[in-house]
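Report on the structure given below.
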Amino acid sequence: MKKTFLTGLAVLLPFAVTIYVVVFVVNFLTRPFVGFVTKLLERIPFHLPFLSHQLIHTMSEIAVIIGLFGFTLLLGILARWVLFSWFIKLGDWFLKKIPLVNKVYKTTKDIVQTLFSGGKNSFKQVVLVPFPYKGSYCLGLVTREAPGTCQDDKNEMVSVYIPTTPNPMTGYLIMSPKSELIDLEMKSDEAIKYVVSCGAMKPEAR
Amino acid sequence: MRKYLLAGLVTLLPVLLTFMIIVFLFNFFTAPLTPLVELVLERFSLPKETNHLISQLLALVLSCFLILFLGFVTRYFLFKSLMHFGNQVLMKIPFVKSVYKVSREVILALVSPDGKKAFQEAVIMPFPDKPHYCMGFSAGQAAEECQRKTGKKLVAVFAPTAPHPISGFLFLVDPDDVRKLDMTKEDALKYLVSCGVIIPEDK
Chain A
4 MKKTFLTGLA
14 VLLPFAVTIY
24 VVVFVVNFLT
34 RPFVGFVTKL
44 LERIPFHLPF
54 LSHQLIHTMS
64 EIAVIIGLFG
74 FTLLLGILAR
84 WVLFSWFIKL
94 GDWFLKKIPL
104 VNKVYKTTKD
114 IVQTLFSGGK
124 NSFKQVVLVP
134 FPYKGSYCLG
144 LVTREAPGTC
154 QDDKNEMVSV
164 YIPTTPNPMT
174 GYLIMSPKSE
184 LIDLEMKSDE
194 AIKYVVSCGA
204 MKPEAR
Chain B
149 MRKYLLAGLV
159 TLLPVLLTFM
169 IIVFLFNFFT
179 APLTPLVELV
189 LERFSLPKET
199 NHLISQLLAL
209 VLSCFLILFL
219 GFVTRYFLFK
229 SLMHFGNQVL
239 MKIPFVKSVY
249 KVSREVILAL
259 VSPDGKKAFQ
269 EAVIMPFPDK
279 PHYCMGFSAG
289 QAAEECQRKT
299 GKKLVAVFAP
309 TAPHPISGFL
319 FLVDPDDVRK
329 LDMTKEDALK
339 YLVSCGVIIP
349 EDK
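Chains A and B are the protein sequences, given in the same order.
Going by this note's numbering, the first sequence opens with residue 4, and the numbers climb by one from there.
Going by this note's numbering, the second sequence opens with residue 149, and the numbers climb by one from there.
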């Protein structure tokens, strides 16, 4: 009985978690627009009998997702044209003139640009960091070299992110000399899985 | 007066907290199936509140049966291949693929006999530096690569934060530095959640 229950749980849980995450992401992305689109769809003159409110809501969510995807693609294409890149620069300049808005905009823009374009190697290299004391280790992900003012004369310092268990979205950012770190061959997603499962899911030995 | 108020609180709070947690868990586990059952029950024209409660109860029973049924059915060849097919389909959809893969592997690892062995023992390990200690739970041997690269024997210890033990760090430590405790893991958890106020009695 108990074994059967556990097997069933092992089958059902990943499925449930997937649905939960997908629904969460879809809701998150569509929330700002879905009300507007739902109202638009409800105006459709022909009324089908099976069109309930819930169905319209789901349909508008799908429409919003497709719309967002298309819009992002369109922006990406347009941004390469000279005329439009001039427009974008104008918008940029405009946003940077508004107090408070400019601070938020500049910070998010810098972070997103670095994460998407420059930092191809960020979070790729998995290392063992001597943390919290020498002789004990934590899995960490190297982000990049440490800021210049944090460097010292003898060692090359790098920034390492140490995720918490089981939620890797928080953690410590520490600066370590490169010579103290032990490079691992495992991929970063393997390391994340190892940390998220509290050590239960070990990466395969190579 | 103050004494009585405090005594009342001491009696009331644990009951209240237990009730809140049970209600939370109940709502959490019945949330996916309740709307479905409600749709069916709407035909009986019950009052809305009663309808919701009955649907929740039925949803709980239903999900228990569903889990048992799935576990029972998985043993048969036909369903195995059916599920294999379902897996294949899920693995083709972008984004869904990555979420499903990770959650599946993690859950399988936790359910496996190896995973169940984790968190069995309360231990203390040096943190943040030697002569200081923090409480943790042993989580088995460290990954093979970590032991090979350091050239040392390492064990994994999960050191939770207080008072929320659902976050923490996974430390890989020398087994000689880790000391097993006589207290049960429940006692260790109580010690952590209470920020050290509750100390288990010496045996």
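For every residue, glycine included, the Cβ atom is placed at its ideal position computed from N, Cα and C.
Open item on the list: Using a 10 Å radius around the Cβ and a threshold of 16 neighbouring Cβ atoms, would you call A:G79 buried or exposed?
Closed with: Burial state of A:G79 is exposed, judged by a 10 Å Cβ sphere holding fewer than 16 other Cβ atoms.
Open item on the list: So that I know if they touch, is there some Cβ in chain B lying closer than 9 Å to that of A:E188?
Closed with: A:E188 counts as touching chain B.
TODO: Please report how far the alpha carbon of B:V157 lies from the alpha carbon of B:M331, in whole angstroms.
DONE: For clarity, residue 157 of chain B is Leu in the given sequence; the question names Val instead. Whole-angstrom Cα-Cα distance: 29 Å.
Open item on the list: Please report the straight-line C-alpha distance between B:F217 and A:R83, rounded to a whole angstrom.
Closed with: C-alpha of B:F217 to C-alpha of A:R83: approximately 55 Å in a straight line.
Task: Nearest-angstrom Cα separation, counted from A:V115 out to A:L187 - done: The alpha-carbon atoms of A:L187 and A:V115 are separated by roughly 27 Å.
Open item on the list: According to DSSP, is A:D156 part of a helix, a strand, or is it coil?
Closed with: In the structure shown, A:D156 sits in coil (DSSP, three-state: anything other than H, G, I, E or B).
Task: Beta carbon of A:L142 nearer than 9 Å to that of A:P166 - done: The criterion of a C-beta distance shorter than 9 Å is satisfied by A:L142 and A:P166.
Open item on the list: So, at 6 Å on beta carbons, what are the nonlocal neighbours of B:I272 in its own chain, with the 5 sequence-adjacent residues on each side left out?
Closed with: So the list reads Y281, M283, R327, once near-sequence residues are dropped.
TODO: Inspect the beta-carbon positions of B:V254 and A:V199 and report whether they are closer than 9 Å.
DONE: Yes; because the gap between Cβ atoms is below 9 Å, this pair is in contact.
Task: DSSP three-state assignment for B:C212, whether helix, strand or coil - done: It is helical.
Open item on the list: Taking CB distances under 9 Å as the criterion, tell me whether B:K240 reaches chain A.
Closed with: Taking a beta-carbon distance threshold of 9 Å, B:K240 does not count as an interface residue toward chain A.
Open item on the list: Quick test of the definition: if touching needs 3 or more C-beta pairs under 8 Å, does the stretch 307-321 of chain B touch the stretch 284-295 of chain B?
Closed with: Taking 8 Å as the limit for Cβ pairs, the verdict is that the stretch 284-295 of chain B does touch the stretch 307-321 of chain B.
Open item on the list: So, does the stretch 204-212 of chain B touch the stretch 223-236 of chain B, judging by three or more C-beta pairs under 8 Å?
Closed with: When C-beta atoms of the stretch 204-212 of chain B are compared with those of the stretch 223-236 of chain B, fewer than three pairs fall below 8 Å, so the two segments do not count as touching.
TODO: Anything in chain A within Cβ reach of B:A287, meaning under 8 Å, just list it in chain order.
DONE: Contact of B:A287 with chain A by beta-carbon distance below 8 Å involves C201, G202, A203.
Open item on the list: Can you tell me whether A:E45 is helix, strand or coil according to DSSP?
Closed with: Look at A:E45 here: in three-state DSSP terms it is helix.
Task: Cβ distance (whole Å) where B:I291 is taken to contact A:P206 below 8 Å - done: Sequence inspection shows Ala at residue 291 of chain B; the Ile mentioned does not correspond to that position. Here B:A291 really is in contact with A:P206; their C-beta atoms are around 6 Å apart, less than 8 Å.
- [ ] Find the nearest neighbour of A:G11 within the set B:E349, B:V221, B:Y339, B:R191, judged by alpha-carbon distance.
- [x] A:G11 has its Cα closest to that of B:V221, out of B:E349, B:V221, B:Y339, B:R191.
Task: Which of helix, strand or coil DSSP assigns to A:I185 - done: Taken through DSSP and simplified to helix, strand or coil, A:I185 comes out as strand.
Open item on the list: Pull the bridge partners of B:G284 from the DSSP assignment, please.
Closed with: Bridge partners of B:G284 according to DSSP: B:V271.
TODO: Can you tell me which of A:V85, A:Q57, A:V40 puts its alpha carbon nearest to the alpha carbon of A:L71?
DONE: Comparing Cα positions, the closest option is A:V40.
TODO: Starting from B:F233, follow the alpha helix (DSSP H) in both directions and report where the run begins and ends.
DONE: For B:F233, the enclosing alpha helix (DSSP H) covers residues 225-238.
Task: A:M178 - DSSP class collapsed to helix/strand/coil - done: DSSP, reduced to helix, strand and coil, places A:M178 within a strand of the structure shown.
Task: Terminal residues of the beta strand (DSSP E) in which B:A307 lies - done: From DSSP, the beta strand (DSSP E) with B:A307 extends over 303-308.
Open item on the list: For B:K249, which residues in the same chain have their Cβ closer than 8 Å to its Cβ, ignoring the five residues on either side in sequence?
Closed with: Taken in chain order, the residues that qualify are M239.
Open item on the list: Using the Cβ count rule (16 or more neighbours within 10 Å means buried), how would you classify A:N57?
Closed with: A small correction: the amino acid at residue 57 of chain A is Gln; Asn does not occupy that position in the sequence shown. Burial call: exposed.
Open item on the list: Residues of chain A with CB closer than 7 Å to the CB of B:M283, please, in chain order.
Closed with: The premise fails here: B:M283 is roughly 14 Å from chain A at the closest Cβ pair, so nothing lies under 7 Å.
Open item on the list: Strictly below 7 Å CB to CB, what residues from chain A border B:Y224?
Closed with: Within chain A, no residue has its CB atom less than 7 Å from the CB of B:Y224, the nearest being about 12 Å off.
Task: Range covered by the alpha helix (DSSP H) that runs through A:C201 - done: That residue, A:C201, is in no alpha helix (DSSP H); it is neither H nor E in DSSP.
TODO: Answer with buried or exposed for A:L222, where buried requires no fewer than 16 other C-beta atoms within 10 angstroms of its C-beta.
DONE: Only positions 4 to 209 of chain A appear in this structure, which leaves residue 222 of chain A out of reach.
Task: Close beta carbons around A:I195, own chain, < 8 Å, minus the five adjacent residues each side - done: Within the same chain, A:I195 has close Cβ partners P166, P171.
Open item on the list: Please report the distance separating the alpha-carbon of B:L173 from that of A:V145.
Closed with: Within the model, the alpha-carbon separation for B:L173 versus A:V145 is close to 38 Å.
TODO: Count the CB pairs spanning the stretch 58-65 of chain A and the stretch 23-37 of chain A that are closer than 8 Å, and state whether there are at least three.
DONE: Yes, the stretch 58-65 of chain A is in contact with the stretch 23-37 of chain A.
Task: In DSSP terms, what B:F319 is bridged to - done: DSSP, once it has assigned bridges, lists B:V305 as partnering B:F319.
- [ ] Pull out every residue of the stretch 8-37 of chain A whose Cβ sits closer than 9 Å to any Cβ of chain B, in chain order.
- [x] Residues F8, L9, T10, G11, L12, A13, V14, L15, L16, P17, F18, A19, V20, T21, I22, Y23, V24, V25, V28.
Task: Length-filtered (3 minimum) beta strand (DSSP E) runs lying within the stretch 72-159 of chain A - done: Runs found: 129-133, 140-148.
Open item on the list: Taking CB distances under 9 Å as the criterion, tell me whether B:I314 reaches chain A.
Closed with: So yes, B:I314 belongs to the interface.
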